[in-house]
Every structure is written in structure tokens, then in C-alpha cells.
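J.: Could you have a look at this structure, given as C-alpha cells, before my questions?
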Amino acid sequence: MNGKIILVTGGARSGKSLFAEQYALAQDGSMAYIATAQIYDQEMESRVTLHRTRRADRWQTFEAPYDAHQTIELAAREANVILFDCLTLYTSNLLLSPSAPDDQEHKFQYIMEQIDKLLSNARSSQATVIFVTNEVGMGIVPDNALARQYRDIAGMVNQKVAGYADEVYLVVSGLAVEIKKIAVNITKEV
Numbered sequence: 001m002n003g004k005i006i007l008v009t010g011g012a013r014s015g016k017s018l019f020a021e022q023y024a025l026a027q028d029g030s031m032a033y034i035a036t037a038q039i040y041d042q043e044m045e046s047r048v049t050l051h052r053t054r055r056a057d058r059w060q061t062f063e064a065p066y067d068a069h070q071t072i073e074l075a076a077r078e079a080n081v082i083l084f085d086c087l088t089l090y091t092s093n094l095l096l097s098p099s100a101p102d103d104q105e106h107k108f109q110y111i112m113e114q115i116d117k118l119l120s121n122a123r124s125s126q127a128t129v130i131f132v133t134n135e136v137g138m139g140i141v142p143d144n145a146l147a148r149q150y151r152d153i154a155g156m157v158n159q160k161v162a163g164y165a166d167e168v169y170l171v172v173s174g175l176a177v178e179i180k181k182i183a184v185n186i187t188k189e190v
């Protein structure tokens, strides 16, 4: 049996992390939480504290701001349900990583290669892996080049993960809708 991939997406404070945690708790077995956030300020520290408090002791936590594909492999040895929160922070970490190439084209390729490794390890595991992500491209166009680059890359990452996922949920105002099973799939080339 291969791993099962779930994607939970939505806007900021939409309830997507809570839904993902509830989804994970509804599964049988041991649970791991892969945290991608790096704490740079008081606001991020408050968010991380909220998530830690809500999870309590039921979860084994792994921190993975980089090289998360290796962390998925490690977590899958310890747990059969893995919550990865979140893809957009991970994408941001990769975008700003000292290991990333300087030019935009190679940076995009580098990030997508890291996501491919992540998905490959998730699929080859025996675990249910739940990825949380943000829909960052549904608002106004950012006013600077780096923010636009991030928005575009995050959108491509989300499309790739949604393509691999067995189930995709959109969370809006605390309500989750499974969107992959109702998605229209047109395969004709444009």
C-alpha cells in the first residue's frame, strides 16, 4: 500500500489547520506533525503557540524549515498519519534559502524539485500525509517583484500537490468542501 496524500487549502485564518487536525484525529494510529514555520517575530510565536496548545501531547512534532522530504521519510517511520503545516511557509523558506539559486528560473526549478521529492517520499510511505497550504493568489496583485514571484510559485506548488493528492479540501469560513471529486477535468490541449 502506498501513502495517501490529502491537501487542505484556504485563505488565512479560514480554519484549514483546525480542519486538517480534525481530519488527522479521525484516522487510526499514531500521529506526527511536521512544522515548517520559523519564528522571526512575536506574531509568529503567538501563532505557533496556538497550534502547539491545540495539538497537546498526541502528536510527535518534527521541525522542517528545509529538507522536508527527509523529514517525511523519518516521520513515516514513527507515525501513520502525518500533518504537514504548511506548504506555503515551506515554499517561502525554499525561496529565501541560501541554497536556492539566485536567478528566478533556476530558483523556480529548485523549488519544484524539492516539492517533487516531498511528494515522492509521501507517496512511497505507508502514511496518510495531510498537507496544509494557503491560497495566496486570490487577493490583490502584490506591489513588489519578490511577493509576485512567491505568489506565482505558491500557486504552482499548490497545483502540483493537488494533482498528486487523493483528496483536496477547500476551507472557507471554517467550512470544508472536498473539491477534487467535483473538479472538472478537461484534458484537451489549448
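Using the numbering used here, read the sequence shown as starting at 1 and increasing by one per residue. Ideal Cβ placement from N, Cα and C applies to all residues, glycine included. Since the model is a prediction, treat every value here as computed from it, not as a measurement.
Roughly how many angstroms separate the alpha carbons of D41 and I111, rounded to a whole number?
T.: C-alpha separation (whole angstroms): 25 Å.
J.: I want to know whether the region 60-73 touches the region 5-19 - three or more CB-CB distances under 8 Å.
T.: They do not touch, by the three-pair rule.
J.: So L118 packs on A68, CB below 8 Å; how close in whole Å?
T.: Right, their Cβ atoms sit about 6 Å apart.
J.: Could you tell me whether the Cβ atoms of E167 and I6 are closer together than 7 Å?
T.: In this structure, I6 lies closer than 7 Å to E167 by Cβ.
J.: Can you check which of these residues, V171, S173 and G163, is closest to I184 by C-alpha distance?
T.: Looking at the sequence itself, residue 184 is Val, so the reference to Ile does not match. Residue G163 is the option with its Cα nearest to V184.
J.: Considering only residues of the region 117-164, which uninterrupted alpha helix (DSSP H) runs meet the minimum length of 4 residues and lie entirely inside it, listed in chain order?
T.: Fully enclosed alpha helix (DSSP H) runs of 4 or longer: 145-164.
J.: Excluding the five sequence neighbours on either side, which residues of its own chain have a C-beta within less than 6 Å of the C-beta of V171, listed in chain order?
T.: G10, S14, G15, K16 and F19, listed in sequence order.
J.: To the nearest angstrom, how far is it from the Cα of L94 to the Cα of K181?
T.: Near 30 Å, if we compare the C-alpha coordinates of K181 and L94.
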